[in-house]
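Q: Going by my numbering, the sequence shown wraps up at 478, each residue one higher than the last.
Virtual Cβ for every residue (Gly too), placed ideally from N, Cα, C.
Computed from a prediction, not measured in an experiment: that's the story for all the values here.
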Amino acid sequence: MLTPAQERLIEATAPVVAEHLDAITQCFYPLMFDRYPEVKPLFNQAHQASGGQPRALAGAVLAYVQLRRDPERVRETLATVVSKHVSLDIRPEQYPIVGECLMAAIGEVLGEAVTPEIADAWGALYEELAGLLIELEDHRYRDFEHRPGGWRGPREFRIAAMRQESAVIRSFVLMPADGGAVADFAPGQYIGVRLVIDGEPVYRHYSLSAAPNGESYRISVKREPEGTASRHLHDAMAVGDTLTLLPPAGDLTLVEGEEPLLLASGGVGQTPMLPMAQQALAQGRRVIYLHAALDAEHHAFAEEVARLEARHAGQLRVVTVHERGDGAEHIGRIDRDLLARYLPDGEPRCYFVGPQGFMTAINGALAELGIPDERRHYEHFGPSQPLDAA
Ligand SMILES: Cc1cc2nc3c(=O)[nH]c(=O)nc-3n(C[C@H](O)[C@H](O)[C@H](O)COP(=O)(O)OP(=O)(O)OC[C@H]3O[C@@H](n4cnc5c(N)ncnc54)[C@H](O)[C@@H]3O)c2cc1C
Ligand code: HEM
């Protein structure tokens, strides 16, 4: 609990912290990885290199200064953080590590300006936020653990089947090595995957690409030419091999209602759309399924989606767009005119996932077509960032 004097100190010093956010961030991660090397594998080093993730943590602490008097908005804003943490099994005992290193980084960057009173005030603010995150995460862990087929912490899964879906995307069907059931997840959610590569743990997120079935999960992975985890999954793993899964999480899930849906995906961004489409169709909702791929060779799940369309004739309309070749209904890119042509009437909800440029274009075009912010839903396959970010 912050005292009124601490609140005043935080408000007075927040602009200085904001001004030095990049420097604090650049100091914080190397310092933490040096003092606590055991947490380093949790952080995707490609995200560290791109700078998106490093700014996020300190930025969230600063945003909390503005939001903390509005508990509802705080919870809403923290939902994506909680999901990322849950899918990586972040634990309460790791919070003091981040707190210590963040305070050390603030001290190192701002030097003597950080009096003991200022340090105490920021320490108390961090503890308040950490306490809230720990509580929200514990709630999610317990909820999932108590579902039939649920669990807490790491669980071993075996690769039961693999399928090449396109030139670069391969699906992996994963069944628990203990032979037990697997809990349902909300379509659209992703799972934390822990691999061991060259003796080192590597953590990544993958959207669950098939509807919940109680027995297995499916992930579908695009092979990145220089990617650590995706190349390992494609090149080194075979049916029968095991990997570790952490609980599913994620907030790109269908908002209940009867509105028709536009599900738009680019490339491997199609993965969360597959179970979402099935859920929506089972609920009797109308779905426009718009998928953009590079060409026919890179177009994954074409047959699976065509089968779904055949089963739900009149309810599901599939539209494909290829950047090149002649294997799709449209050749080129999804733009405002194309969206206008297929956007369902009647206040549709729009979900879209793909590369940053794809999502920026779709988001802008939908806004121009009058779809308000609260009916535009998207997710990054990397650190969350504003859609207009470079
Ligand atoms: C919510 C969510 C859902 C996701 N769902 C899916 C999904 O369904 N399917 C899917 O395929 N992916 C998905 N992803 C992405 C996935 O988690 C991985 O990021 C992706 O597989 C790449 O991981 P990698 O280890 O192969 O590549 P990484 O090793 O992480 O590298 C990624 C890229 O960064 C570059 N890079 C790596 N290190 C550096 C460095 N130090 N400096 C500069 N560049 C560097 C690499 O060359 C490569 O191009 C999802 C991500 C999130 C957050
Ligand atoms: C108050 C404390 C914390 C705050 C405010 C915070 C905030 C954040 C934010 C904003 C993100 C990015 C979410 C996104 O991309 O959508 C994130 C991701 C992450 N956090 Fe935290 N976090 C905190 C504590 C911790 C702790 C204690 C750990 C454990 C060591 C941790 C590990 C991670 C990891 C591993 C990621 C994903 C990194 C990646 O994508 O490479 N965080 N956190």
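Assuming ILE307 and TYR294 form a contact by the criterion Cβ under 8 Å, report the distance between their Cβ atoms to the nearest whole angstrom.
A: Sequence index remark: in the sequence shown, residue 307 carries index 219 (1-based). Sequence index remark: in the sequence shown, residue 294 carries index 206 (1-based). Between TYR294 and ILE307 the Cβ distance is about 4 Å, and since that is below 8 Å, they are a contact.
Q: Residues bridged to LEU283 by DSSP?
A: Taking the first residue of the sequence shown as position 1, residue 283 is located at position 195. BP columns for LEU283 point to VAL290.
Q: Mind checking which residues open and close the beta strand (DSSP E) that includes THR330?
A: Sequence index remark: in the sequence shown, residue 330 carries index 242 (1-based). 330-337 is the span of the beta strand (DSSP E), which, as asked, contains THR330.
Q: Give a single yes or no on whether LYS172 has its beta carbon closer than 7 Å to a heavy atom of ligand 2.
A: If you number the sequence shown from 1, residue 172 lands on position 84. Checking every heavy atom of ligand 2 against the Cβ of LYS172, one is found closer than 7 Å.
Q: Which residues in the same chain as ALA144 place their Cβ atom closer than 6 Å to its Cβ, once the five residues preceding and following it in sequence are excluded?
A: Position 56 of the sequence shown, counted from the first residue, corresponds to residue 144. Counting only Cβ-Cβ distances below 6 Å, and skipping sequence neighbours, we find PRO471.
Q: Out of PRO129, GLU99 and LEU119, state which residue places its alpha-carbon closest to the alpha-carbon of ILE285.
A: Counting from 1 along the sequence shown, the entry for residue 285 is found at position 197. When only C-alpha atoms are compared, the closest one is PRO129.
Q: Excluding the five sequence neighbours on either side, which residues of its own chain have a C-beta within less than 7 Å of the C-beta of GLY237, listed in chain order?
A: Counting from 1 along the sequence shown, the entry for residue 237 is found at position 149. Answer for GLY237: GLY268, ALA269, VAL270, ALA271 and GLY302, listed in chain order.
Q: Have a look at ALA478 and ALA137 and give me their C-alpha separation to the nearest angstrom.
A: Residue 478 sits at position 390 when you count from the first residue of the sequence shown. Residue 137 sits at position 49 when you count from the first residue of the sequence shown. Note that ALA478 scores a pLDDT of 41, beneath 50, so its modelled location is shaky; the value from the coordinates is reported in the next line. Rounded to the nearest angstrom, the two C-alpha atoms are 15 Å apart.
Q: Please give the ranges of any alpha helix (DSSP H) in the stretch 360-433, keeping only runs that are unbroken, at least 4 residues long and fully inside the region.
A: Taking only runs of at least 4 residues, the alpha helix (DSSP H) segments lying wholly in the stretch 360-433 are 361-370, 390-399 and 424-430.
Q: Which residues neighbour ligand 1 when neighbourhood means a C-beta less than 5 Å away from any of its non-hydrogen atoms? List them by chain order.
A: Spelled out in chain order, the answer is ALA134, ALA137, TYR278, ARG292, HIS293, TYR294, SER295, VAL309, LYS310, GLU312, GLU314, GLY315, THR316, ALA317, SER318, VAL356, THR359 and PHE469.
Q: Verify whether the separation of the beta carbon atoms of TYR377 and VAL406 is less than 8 Å.
A: As a position in the sequence shown, residue 377 is number 289, starting the count at 1. As a position in the sequence shown, residue 406 is number 318, starting the count at 1. Going by C-beta atoms, TYR377 is nearer than 8 Å to VAL406.
Q: Let me know if HIS320 comes out buried or exposed under the rule of 16 or more other beta-carbons within 10 Å of its beta-carbon.
A: Translated into positions along the sequence shown, residue 320 becomes position 232. Counting Cβ neighbours within 10 Å, HIS320 comes out buried, since at least 16 surround it.
Q: How about the stretch 318-335 and the stretch 175-187: do they share at least three Cβ pairs that are nearer than 8 Å?
A: Yes, the stretch 318-335 touches the stretch 175-187.
Q: What residue range is occupied by the uninterrupted beta strand (DSSP E) comprising HIS465?
A: Within the sequence shown, numbered from 1, the residue matching residue 465 stands at position 377. That run of the beta strand (DSSP E) goes 464-466.
Q: What residues are listed by DSSP as bridge partners for ALA249?
A: For this step, residue 249 is matched to residue 161 along the sequence shown. Partner(s): VAL261.
Q: Could you tell me which of GLY354, ARG399, ALA100 and ASP383 sits nearest to ALA370, measuring between CA atoms?
A: Walking along the sequence shown from the start, residue 370 turns up at place 282. Taking only the C-alpha atoms, the option nearest ALA370 is ARG399.
Q: Look at the Cβ atom of LEU64, then the Cβ atom of LEU150, and state whether they are nearer than 8 Å.
A: Since the displayed the chain opens at 89 and closes at 478, residue 64 lies outside it and no answer follows.
Q: By DSSP, does GLU244 sit in helix, in strand, or in coil?
A: Along the sequence shown, one-based indexing puts residue 244 at 156. Of the three classes helix, strand and coil, the one that applies to GLU244 here is strand, per DSSP.
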